[in-house]
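Residue numbers for the sequence shown follow full-length UniProt numbering, beginning at 1 and rising by one.
Positions of the beta carbon are idealized from the N, C-alpha and C atoms, including for glycine.
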Amino acid sequence: MIEIKDLHKSYKMGSNSLHVLKGINFSVAEGELVSIMGSSGSGKSTLLNILGMLDEADEGSYTLDGVPIKNLNEKIAARYRNKFLGFIFQSFNLISYKNALDNVALPLYYQGIKRGERIDKAMSYLEKVGLKDWAGHLPNELSGGQKQRVAIARALASDPKVLLADEPTGALDSKTSYEVMNLIQEINDEGRTILVVTHEPDIAAMTKRIVNLKDGRIIQDTPVNQVRALQNV
Ligand code: ADP
Ligand code: MG
1 MIEIKDLHKS YKMGSNSLHV LKGINFSVAE GELVSIMGSS GSGKSTLLNI
51 LGMLDEADEG SYTLDGVPIK NLNEKIAARY RNKFLGFIFQ SFNLISYKNA
101 LDNVALPLYY QGIKRGERID KAMSYLEKVG LKDWAGHLPN ELSGGQKQRV
151 AIARALASDP KVLLADEPTG ALDSKTSYEV MNLIQEINDE GRTILVVTHE
201 PDIAAMTKRI VNLKDGRIIQ DTPVNQVRAL QNV
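As structure tokens, then:
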């Protein structure tokens, strides 16, 4: 599903340049649940942003579902992003003046789906994440865990091939974090490919494979015996 070869990325700052990704090679098969671990500044978000087509590498190749991702114009990049990728962020990134249902329905609007169908689909995804009764509530009326569930429903609404989550539990307490990871595990059980960036070992242990980044290089890439969330709570 994802294939990356010898990926490099530097940030230029004036006459200085910061080499952040120093030759990353890795692939992710369809249906995997992978965590990208590493301390702050190790390049996790940079890597995820490149995988998410929010940023481009300086060198190396990236193939997503057989499509080479390189030098795409913004319109085509946006279309691929919509079709292939769903995003989940630490800070949820919900639209504060739209209720839960409208937040989930928004990506469907950009896909040109008619209003009635948008509402039906969005409601079914809210139900899937256990928030059917909260459809009419604004984000500030929801707990952190509920907000992240809405964000997960929104990410799923466009039926992406891959979900990319950058520190999805970073703003949540442990119990809520495990509940959110349990939902992510359930979504992966259905066959969806998911990448989770985290610096928390207990969160990474709930995925099936841990890729360890250090100073822009992969220093370890190991399968794990996935810990199921509900056993932890
Ligand atoms: P992580 O997500 O693992 O904490 P990042 O990928 O966000 O790490 O950042 C890696 C390094 O790149 C850090 O030193 C960070 O300060 C730097 N960095 C990230 N984004 C930018 C940017 N847009 N411009 C300049 N430096 C950046
Ligand atoms: Mg980061």
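Task: C-alpha gap between Arg149 and Ser15, whole angstroms - done: Within the sequence shown, numbered from 1, the residue matching residue 149 stands at position 149. Within the sequence shown, numbered from 1, the residue matching residue 15 stands at position 15. Answer to the nearest angstrom: the Cα atoms are 43 Å apart.
Task: Three CB pairs or more closer than 8 Å across the segment 30 to 40 and the segment 195 to 208 - done: With a cut-off of 8 Å, the segment 195 to 208 and the segment 30 to 40 count as touching, because enough Cβ pairs lie within range.
Open item on the list: Using a Cβ-based criterion (distance less than 7 Å to any ligand heavy atom), does Glu167 qualify as near the ligand MG?
Closed with: As a working mapping, residue 167 is identified with position 167 in the sequence shown. Between the ligand MG and Glu167, a heavy atom-to-CB distance of less than 7 Å is present.
Open item on the list: Nearest by alpha-carbon distance to Asp133: which of His199, Ala100, Tyr11, Leu164 is it?
Closed with: Residue 133 sits at position 133 when you count from the first residue of the sequence shown. Minimum Cα-Cα distance from Asp133 among the listed residues His199, Ala100, Tyr11, Leu164 corresponds to Ala100.
Open item on the list: I'd like the span of the alpha helix (DSSP H) that includes Gly116, first residue to last.
Closed with: Here residue 116 refers to the residue found at position 116 when the sequence shown is read from its first residue. Where Gly116 is concerned, the enclosing alpha helix (DSSP H) stretches over 115 to 128.
Task: Distance, Met13 Cα to residue 246 Cα - done: It is not possible to answer for residue 246, since the shown part of the chain is limited to 1 through 233.
Open item on the list: Against chain B, with Cβ distances strictly below 8 Å, would Gln90 count as a contact?
Closed with: Within the model displayed, chain B is absent; a lone protein chain is all it includes.
Task: Reference Tyr11; option with closest CA among Ala151, Tyr80, Leu21 - done: If you number the sequence shown from 1, residue 11 lands on position 11. When each option's Cα is compared against that of Tyr11, the closest is Leu21.
Task: Three-pair Cβ contact test at 8 Å for the segment 88 to 103 versus the segment 54 to 65 - done: No contact exists between the segment 88 to 103 and the segment 54 to 65.
Open item on the list: Need the endpoints of the beta strand (DSSP E) that residue 241 sits in, please.
Closed with: Not covered by the structure: residue 241. The range shown for the chain is 1 to 233.
- [ ] Go through the residues and name those whose CB comes closer than 5 Å to any heavy atom of the ligand ADP, in chain order.
- [x] Residues with a Cβ closer than 5 Å to any heavy atom of the ligand ADP, in chain order: Tyr11, Val20, Ser40, Gly41, Ser42, Gly43, Lys44, Ser45, Thr46.
- [ ] Drop a sphere of 10 angstroms on the beta-carbon of Ala57, count the other beta-carbons inside from all chains shown, and report buried for 16 or more, exposed for fewer.
- [x] Residue 57 sits at position 57 when you count from the first residue of the sequence shown. It counts as buried.
- [ ] Using three-state DSSP, classify Thr169 as helix, strand or coil.
- [x] To locate residue 169, count along the sequence shown from 1; it is residue 169. Coil.
Task: Other residues of its chain near Thr176: CB distance less than 7 Å, five sequence neighbours each side excluded - done: On the sequence shown, position 176 is the one that residue 176 refers to. Around Thr176, the same chain offers Gly144, Gly145 as residues with beta carbons nearer than 7 Å, after the five sequence neighbours per side are excluded.
- [ ] Would you kindly report the start and end of the unbroken alpha helix (DSSP H) that includes Asn16?
- [x] Indexing the sequence shown from 1 puts residue 16 at position 16. Counting along the chain, Asn16 falls outside any alpha helix (DSSP H), though it belongs to the beta strand (DSSP E) covering 16 to 28.
Open item on the list: Contact between the segment 82 to 95 and the segment 117 to 124 is defined here as three or more beta-carbon pairs at a separation below 8 Å; is this criterion met?
Closed with: Too few Cβ pairs lie closer than 8 Å, so no.
Open item on the list: Buried or exposed, going by whether 16 or more other CB atoms sit within 10 Å of the CB of Leu18?
Closed with: Translated into positions along the sequence shown, residue 18 becomes position 18. Flag for Leu18 reads exposed.
TODO: With a cut-off of 8 Å on the beta carbons, I'd call Tyr109 and Ala153 a contact; round off their distance for me.
DONE: As a first step, residue 109 must be located in the sequence shown, where it is residue number 109. As a first step, residue 153 must be located in the sequence shown, where it is residue number 153. With 8 Å as the limit, Tyr109 and Ala153 do not qualify as a contact, their Cβ atoms being about 15 Å apart.
- [ ] With DSSP as the reference, label Ile88 as helix, strand or coil.
- [x] Position 88 of the sequence shown holds residue 88. Strand.
Open item on the list: Only counting the same chain, and skipping five residues up and downstream in sequence, which positions put a Cβ closer than 7 Å to that of Lys5?
Closed with: Taking the sequence shown and counting its residues from 1, the one referred to as residue 5 is at position 5. Answer for Lys5: Asn25, Gly60, Ser61, listed in chain order.
Task: Where Val104 sits in the DSSP three-state scheme - done: The count along the sequence shown starts at 1 and reaches residue 104 at position 104. It is helical.
Open item on the list: Please return the same chain residues whose Cβ sits closer than 6 Å to the Cβ of residue 244, not counting the five positions on each side in sequence.
Closed with: Residue coverage of the chain in this structure runs from 1 to 233, which leaves residue 244 outside it and unanswerable.
Open item on the list: Considering only their Cβ atoms, is the gap separating Ser42 from Asp215 smaller than 8 Å?
Closed with: Counting from 1 along the sequence shown, the entry for residue 215 is found at position 215. Counting from 1 along the sequence shown, the entry for residue 42 is found at position 42. Yes.
Task: Distance, Gly191 Cα to Gln185 Cα - done: Position 185 of the sequence shown holds residue 185. Position 191 of the sequence shown holds residue 191. When the Cα atoms are used, Gln185 and Gly191 turn out to be separated by approximately 10 Å.
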